[in-house]
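Enquirer: Each residue of the sequence shown is one higher than the one before, counting from 1 in full-length UniProt numbering.
Ideal placement from N, C-alpha and C gives every residue a C-beta, glycine not left out.
Please read these numbers as outputs of a predicted model, since none were measured by experiment.
I'd like to ask you about the structure that follows.
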Amino acid sequence: MYNLVKRVFGDDNFVKSDGIYLYTDDNKEIIDGCSNSMNVNLGYGVLEIEKVIHEQIRKINFMHTGKGTTYESLMLANRLHDIIKSYGNYKVYFATSGSDCIEAALRISVLYQQKNKRNQESNTRFATFEGSYHGSTLGALSVSGHRKFQKLYNGYIGNCLTIPTRWNLEWEMDFTDITAFVLDSMITNPIGSEMIDRDYLNYLVQICKESGVITIIDEIATSIGRLGCFFGFEDSGISPDIVCISKGLGVGYANIGAVIVKTNIIDSINSADILGHTYNASPIDCKIAMTVLDYIEKHGIFEHVNNLSNYIEYRLKVLKNKLPCISKVSGKGFMWSIHFRNNVNASKVFKQCYNNGLLLLYLEYEEYNHMTFCPPLITSKNQIDSMLDILEKSITEVLHGY
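Quick look at the structure:
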């Protein structure tokens, strides 16, 4: 008997991993079709990352950001600045997770608005998209627009203005009491891999600028190759005030995130007031992140994702045409969702996929009933075929009462 609090439906213990495969203690092989938590983007057992971990431990393994900086954090910050500089001048604050990124972005927004004395008594709320999810801390949950998570912690999280994810001409946009708007370029598994219309995104950002509202874009799961580009917002042409990235930076090897903030905002506040966590900007994590960026560039990961995105869409649409229980497919790059009609429960398909050796994501709540397919970015065409064959087999078995 173990005293671990588990969040999983089964009793399997995982003891080994390799590439896109996971292995349990009873030698069962599971194909990872969801990058574990949309984060193991380069798969398991990357030797280049293993090497730099050992090297960095021998060099310097820790430095608290309140005591000093390290070469590794300085170089990673400069690297990220060089990537985003076409959208403006930015500086980088490092965090330890996606939730931590969102929390830090909210704190920075509050400090900036206080400094600039913008309606201090009235602009005490944040805005977000309906159906969005931005993390599991109470602050991040406060700016999550998904009813499932709001219901769980009702009364303990803040009053957030939720905005429709699609154009609504009858909706009157009044941001006079809003400090910051937490935006998405795509809302992933919470509503099923739905892109936000680029014109709509531009419209909302323009309203924010006119109203003095900080724009924060959550790119925690969608950045660094997941959609075939570095940032999901690139096609929209917007220039966000704050960008949050995480999963694609640590890729399962490091607890790291980055809050990329426009210089005029971050330079106007006392950075010590942002506070932080013990392991922010860990030199080991920063070195891993640098290695991840090098690996992605060296191996042409963005090109690989773009080359296979249309094929994944084709395979899923063939599956939809074959199985009427699928109402639609949506997504981009290596982030796709399969939406079911009421005659199939996504939770049952998830369990049957797992029994057949495939790990996916799902959500089944009120009107949401879908699976999400988001494999590691190194996944080959043959491996995609294998996974989608298992998905088809599993849906068919659920339909026949297995």
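1. Would you grab the beta carbon distance between F334 and V292 for me? Rounded to a whole angstrom, and I think it's under 8 Å.
2. Do I30 and P375 come within 8 Å of each other at the CB atom, strictly closer than that value?
3. Quick check on this structure: which residue in N39, G45 and V8 has the alpha carbon closest to the alpha carbon of S17?
4. Which ranges would you report for the alpha helix (DSSP H) in the stretch 167-254 if only whole runs of at least 4 residues count?
5. Are F373 and Y362 touching if we call contact CB-CB under 8 Å?
6. In its own chain, which residues sit with a C-beta less than 8 Å from the C-beta of C325, not counting the 5 before and 5 after it?
7. Once DSSP output is grouped into helix, strand and coil, what is the label at E29?
8. By Cβ distance, which residues of its chain are closer than 8 Å to K381, with the 5 residues on each side in sequence left out?
9. Have a look at H54, A127 and S144 and flag the residue whose alpha-carbon is nearest the alpha-carbon of Y133.
10. Around the C-beta of H54, are 16 or more other C-beta atoms found within 10 angstroms, so that it is buried, or is it exposed?
11. Which whole runs of the beta strand (DSSP E) in the stretch 321-392 are 3 residues long or more, in chain order?
12. Anyone know if the C-beta pair for I266 and I102 falls short of 8 Å?
13. Give a yes or no on whether the C-beta atoms belonging to P240 and N61 are separated by under 8 Å.
14. To the nearest angstrom, report how far apart E367 and R147 are at their CA atoms.
15. Looking at A221 and K247, is the spacing between their C-beta atoms short of 8 Å?
16. Taking the alpha-carbon of G158 as reference, which of W171, L152 and R125 has the nearest alpha-carbon?
17. Consult DSSP for A105 and reduce its assignment to one of helix, strand or coil.
18. Nearest to I178 by CA position, among A127, N3, G98 and H277, is which residue?
19. Taking Y90 as the reference, give the member of D184, V213, H64 and V259 with the closest Cα.
20. What span of residues does the beta strand (DSSP E) with I260 cover, start to end?
21. Taking its Cβ as the centre, do 16 or more other Cβ atoms sit within 10 Å of N41, making it buried, or is it exposed?
22. To the nearest angstrom, how far is it from the Cα of C286 to the Cα of S99?
23. Rounded to the nearest angstrom, how far is the Cβ of A105 from that of I216, given a contact under 8 Å?
24. Within the continuous beta strand (DSSP E) that includes A163, where are the two ends?
25. What distance in whole Å lies between the Cβ atoms of T96 and F129, which are believed to be in contact at a cut-off of 8 Å?
26. What are the residues that DSSP puts in a beta bridge with G19?
27. Work out the CA separation of H81 and G232 for me, nearest whole Å.
28. Compare the Cα-Cα distances from M290 to each of N13, L4, R315 and A254 and report the closest residue.
29. For the stretch 385-393 against the stretch 63-79, do three or more pairs of beta-carbon atoms, one drawn from each stretch, fall closer than 8 Å, so that the two count as touching?
30. What is the C-beta distance between F302 and G228, in whole angstroms, given that I count them as a contact (C-beta under 8 Å)?
31. Which partner residues of G135 appear in the DSSP bridge assignment?
32. Starting from E130, follow its DSSP beta bridges and name the residues at the other end.
33. Going by the CB atoms, is the gap between L111 and I214 shorter than 8 Å?
34. Go ahead and pull the three-state DSSP assignment for F14.
35. Between M75, E364 and Y87, which lies nearest to Y93 when the distance is taken from Cα to Cα?
36. When you compare only the Cα positions, how much space is there between N369 and R79?
Expert: Short version:
1. Counting from one through the sequence shown, the residue named residue 334 turns up at place 334. Counting from one through the sequence shown, the residue named residue 292 turns up at place 292. F334 to V292, Cβ: 16 Å. No contact.
2. Position 375 of the sequence shown, counted from the first residue, corresponds to residue 375. Position 30 of the sequence shown, counted from the first residue, corresponds to residue 30. No, Cβ-Cβ distance for P375 and I30 is not below 8 Å.
3. Position 17 of the sequence shown, counting from 1, holds the residue named residue 17. Closest option to S17, Cα to Cα, is G45.
4. 198-211 and 247-250
5. Translated into positions along the sequence shown, residue 373 becomes position 373. Translated into positions along the sequence shown, residue 362 becomes position 362. With respect to the 8 Å criterion, F373 and Y362 are not classified as neighbours on the basis of their beta carbons.
6. On the sequence shown, position 325 is the one that residue 325 refers to. So the list reads F340, R341, N343, V344, I395 and L399, once near-sequence residues are dropped.
7. Sequence index remark: in the sequence shown, residue 29 carries index 29 (1-based). Reduced to three states, the DSSP call for E29 is strand.
8. Position 381 of the sequence shown, counting from 1, holds the residue named residue 381. Answer for K381: L308 and Y311, listed in chain order.
9. Working through the sequence shown from its first residue, we reach residue 133 at position 133. The candidate whose alpha carbon is nearest that of Y133 is S144.
10. By 1-based counting over the sequence shown, the position of residue 54 is 54. Looking at its Cβ environment, which holds fewer than 16 other Cβ atoms inside 10 Å, H54 is exposed.
11. 326-332, 335-340, 361-365 and 368-373
12. Here residue 266 corresponds to residue number 266 of the sequence shown, with the count starting at 1. Here residue 102 corresponds to residue number 102 of the sequence shown, with the count starting at 1. No, the pair does not count as a contact, with Cβ atoms beyond the cut-off.
13. Here residue 240 corresponds to residue number 240 of the sequence shown, with the count starting at 1. Here residue 61 corresponds to residue number 61 of the sequence shown, with the count starting at 1. Cβ atoms of P240 and N61: not closer than 8 Å.
14. Numbered from 1 along the sequence shown, position 367 holds the residue referred to as residue 367. Numbered from 1 along the sequence shown, position 147 holds the residue referred to as residue 147. Rounded to the nearest angstrom, the two C-alpha atoms are 11 Å apart.
15. Counting from 1 along the sequence shown, the entry for residue 247 is found at position 247. Counting from 1 along the sequence shown, the entry for residue 221 is found at position 221. If you check the CB distance, K247 and A221 come in under 8 Å.
16. Within the sequence shown, numbered from 1, the residue matching residue 158 stands at position 158. Nearest of W171, L152 and R125 to G158, Cα basis: R125.
17. In the sequence shown, the residue the question calls residue 105 occupies position 105. Here DSSP, grouped into helix, strand and coil, assigns A105 to helix.
18. Walking along the sequence shown from the start, residue 178 turns up at place 178. Nearest C-alpha to I178: A127.
19. As a working note, residue 90 is residue 90 in the sequence shown. Out of D184, V213, H64 and V259, V259 has the C-alpha closest to the C-alpha of Y90.
20. The residue labelled residue 260 in the question sits at position 260 within the sequence shown. Unbroken beta strand (DSSP E) run through I260: G257 to K262.
21. By 1-based counting over the sequence shown, the position of residue 41 is 41. N41 should be labelled buried.
22. Your numbering for residue 286 matches position 286 in the sequence shown. Your numbering for residue 99 matches position 99 in the sequence shown. Each residue's CA atom was taken as its position, placing C286 and S99 some 18 Å apart.
23. Walking along the sequence shown from the start, residue 105 turns up at place 105. Walking along the sequence shown from the start, residue 216 turns up at place 216. The pair is a contact, with the Cβ atoms about 5 Å apart (cut-off 8 Å).
24. Residue numbering aside, residue 163 sits at position 163 when the sequence shown is read from its first letter. In the sequence as displayed, the identity of residue 163 is Ile instead of Ala. Counting along the chain, the beta strand (DSSP E) containing I163 begins and ends at L161 to I163.
25. To locate residue 129, count along the sequence shown from 1; it is residue 129. To locate residue 96, count along the sequence shown from 1; it is residue 96. No, F129 and T96 are not in contact; Cβ-Cβ is about 25 Å, not under 8 Å.
26. Mapped onto the sequence shown, residue 19 falls at position 19. Answer by DSSP bridge pairing, in chain order: Y44.
27. For this step, residue 232 is matched to residue 232 along the sequence shown. For this step, residue 81 is matched to residue 81 along the sequence shown. One C-alpha to the other measures close to 17 Å.
28. If you number the sequence shown from 1, residue 290 lands on position 290. Measuring from the Cα of M290, the nearest candidate turns out to be A254.
29. no
30. Counted from its first residue, the sequence shown places residue 302 at position 302. Counted from its first residue, the sequence shown places residue 228 at position 228. That belief holds up - the Cβ atoms of F302 and G228 are roughly 6 Å apart, short of 8 Å.
31. The residue given as residue 135 occupies position 135 in the sequence shown. Paired residues: none, contrary to the question.
32. Locating residue 130 in the sequence shown gives position 130, where the first residue counts as 1. Paired residues: G145.
33. The residue given as residue 214 occupies position 214 in the sequence shown. The residue given as residue 111 occupies position 111 in the sequence shown. Against a cut-off of 8 Å, the Cβ pair of L111 and I214 comes out as no contact.
34. One-based indexing of the sequence shown puts residue 14 at position 14. Three-state result, F14: strand.
35. As a position in the sequence shown, residue 93 is number 93, starting the count at 1. That would be M75, whose Cα lies nearest to the Cα of Y93.
36. Your numbering for residue 369 matches position 369 in the sequence shown. Your numbering for residue 79 matches position 79 in the sequence shown. When rounded, the distance between both Cα atoms is 39 Å.
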